[in-house]
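Student:
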Amino acid sequence: METSWPLDHIHLVVKDVDSSLQFYRDILGFEIEDLGDSICLSPPTSNKCIIYLDQDVLHTDKENYIYHLAILVPNRAVLGSILEKILKIWDRIEGYADHLVSEAIYLRDPDGIGVEIYSDRDRRAWIIDGKGFIAMDTLPLDIEDLILHGRRSRVEPRVTHDTILGHIHLRGSSPEAAERFYTEVLGMKIKGIWFEARFLAYEDYHHHIAVNNWPIPRPIDGSGLRSFALRRKGLLESVISKGVSRKTVELVCGAPTAIRDPNGFLIEIME
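For the sequence shown, position 147 (counting from the first letter as 1) is numbered 161 according to the working numbering, and the numbering increases by one without interruption.
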């Protein structure tokens with residue numbers, strides 16, 4: 015996995031932290047740390063918080079909300095072992111998919127927030143066209159083979175120390191405006207357009223951010239996405255110079271370290 019991964023963490027608002035911990039800690043295997051105003055979720059032994067949970071009430075937008083956060087595990091053996099465990103103890107499974115570039119499991123957490131757990135296929139097998147678009151699809155996943163692979167590998171059915179926040183998929187009223195913002199202001203590249211959804215990423219990844227306007231379920235009222243953080247050298251300076259001059263960036267509370275995209279999502283910029 016890349017050492018300069020741009021997605022640092024995501025901040026969620028939940029109704030009941032205890033219920034959330036049963037899912038993220040007891041089922042998925044994250045380690046927790048109570049920070050007082052929030053709960054930090056870290057992959058085992060990593061000391062790296064990738065998910066923050068707040069027990070609070072969030073103003074919910076009926077058009078702009080999180081579709082899912084995506085947890086990237088290092089290989090399909092880990093994915094298969096987690097899947098076998100989930101099938102036994104969690105009933106909020108949304109589906110499974112072979113995306114060509116990855117294999118994925120889709121769940122809902124106790125607040126109805128979408129959670130994807132996935133592993134990437136070897137990048138040498140990805141199909142990239144002349145525009146830099148990376149071929150992706152939604153095909154049936156061979157669940158039996160995936161579980162068998164995990165069982166044979168005898169890995170522990172939980173996230174591992176090198177698990178990261180792979181991507182974030184947003185439901186936004188204007189994917190077109192999002193595309194302009196994430197490319198022109200944040201410097202990402204468009205990696206694909208699929209049924210109006212935009213898939214955007216840095217470097218050669220299939221997507222770090224996706225935005226669609228599909229009629230998809232929302233999290234429970236009062237729960238959802240508070241913010242997410244991008245960590246990339248030189249990004250803050252670039253955002254200020256591009257965004258402020260073009261008047262497309264809102265400097266939240268006067269601080270140039272948090273901005274809102276055109277659909278209202280709050281983004282922390284970290285160096």
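Yeah, the Cβ is synthetic: ideal placement off N, Cα and C, and Gly gets one too. Since the structure is predicted, the reported quantities are computational estimates derived from the model, not experimental observations.
Which same chain residues, not among the five before or five after Tyr38, have their C-beta less than 6 Å away from its C-beta?
Tutor: Stepping through the sequence shown from its first residue, residue 38 is reached at position 24. The answer, listed in chain order, is Phe44 and Leu55.
Student: Out of Leu121, Leu200, Tyr79 and Val115, which one is the CA nearest neighbour of Lys99?
Tutor: The residue labelled residue 99 in the question sits at position 85 within the sequence shown. Measuring from the Cα of Lys99, the nearest candidate turns out to be Leu121.
Student: Contact defined as beta carbons within less than 8 Å: I believe His5 pairs with His183. What is the distance between those atoms, to the nearest angstrom?
Tutor: For residue 5 there is no data in the structure shown, the boundaries of the chain being 15 and 285.
Student: On the three-state DSSP scale, how would you describe His220?
Tutor: Mapped onto the sequence shown, residue 220 falls at position 206. In this structure, His220 counts as coil in the three-state DSSP scheme.
Student: Going straight from the alpha carbon of His73 to that of Ser34, what length do you get?
Tutor: Position 59 of the sequence shown, counting from 1, holds the residue named residue 73. Position 20 of the sequence shown, counting from 1, holds the residue named residue 34. Each residue's Cα considered, the two are about 19 Å apart.
Student: Whole angstroms are fine: how far does the CA of Val225 sit from the CA of Gly238?
Tutor: Along the sequence shown, read from residue 1 onward, the residue named residue 238 stands at position 224. Along the sequence shown, read from residue 1 onward, the residue named residue 225 stands at position 211. Each residue's Cα considered, the two are about 16 Å apart.
Student: I'd like to know whether the C-beta atoms of Gly201 and Ser252 end up nearer to each other than 9 Å.
Tutor: Working through the sequence shown from its first residue, we reach residue 201 at position 187. Working through the sequence shown from its first residue, we reach residue 252 at position 238. A contact, by the Cβ cut-off of 9 Å.
Student: Can you tell me whether Glu158 is helix, strand or coil according to DSSP?
Tutor: In the sequence shown, counting from the first residue as 1, residue 158 sits at position 144. Helix, per DSSP.
Student: Could you pull out every unbroken beta strand (DSSP E) segment of at least 3 residues lying fully inside the segment 31–75, listed in chain order?
Tutor: 45–48, 53–56 and 65–69
Student: Work out the CA separation of Gln36 and Ile103 for me, nearest whole Å.
Tutor: Against the sequence shown, residue 103 aligns to sequence position 89. Against the sequence shown, residue 36 aligns to sequence position 22. Cα to Cα, the separation comes out at about 11 Å.
Student: Identify every residue that forms a DSSP beta bridge with His25.
Tutor: Walking along the sequence shown from the start, residue 25 turns up at place 11. According to DSSP, which records beta bridges pairwise, His25 is partnered with Tyr66 and Ser241.
Student: How should Ile142 be labelled, buried or exposed, when 16 other C-beta atoms within 10 angstroms of its C-beta is the threshold for buried?
Tutor: As a first step, residue 142 must be located in the sequence shown, where it is residue number 128. With fewer than 16 Cβ atoms within 10 Å of its Cβ, Ile142 is classed as exposed.
Student: How about Arg245 and Asp22: do their beta carbons lie closer than 9 Å?
Tutor: The residue labelled residue 245 in the question sits at position 231 within the sequence shown. The residue labelled residue 22 in the question sits at position 8 within the sequence shown. In this structure, the beta-carbon distance from Arg245 to Asp22 falls below 9 Å.
Student: Judging by CA-CA distance, which residue of Val173, Arg185 and Pro229 is the nearest neighbour of Arg212?
Tutor: For this step, residue 212 is matched to residue 198 along the sequence shown. The candidate whose alpha carbon is nearest that of Arg212 is Arg185.
Student: Is Ser18 helix, strand or coil when you go by DSSP?
Tutor: On the sequence shown, residue 18 is found 4 positions in, with the first residue counted as 1. If DSSP states are grouped into helix, strand and coil, Ser18 belongs with coil.
Student: Just mark Arg90 as buried or exposed, buried being the case when its beta carbon has 16 or more other beta carbons within 10 Å.
Tutor: The sequence position of residue 90 within the sequence shown is 76, counting from 1. Looking at its Cβ environment, which holds 16 or more other Cβ atoms inside 10 Å, Arg90 is buried.
Student: Counting C-beta neighbours from all protein chains within 10 Å, is the total for Thr59 16 or more, i.e. buried, or is it exposed?
Tutor: Along the sequence shown, one-based indexing puts residue 59 at 45. Classification of Thr59: exposed, given that the 10 Å Cβ count is below 16.
Student: Helix, strand or coil for Arg212? Go by DSSP, reduced to three states.
Tutor: In the sequence shown, counting from the first residue as 1, residue 212 sits at position 198. The answer is strand: DSSP assigns Arg212 an E or B state.
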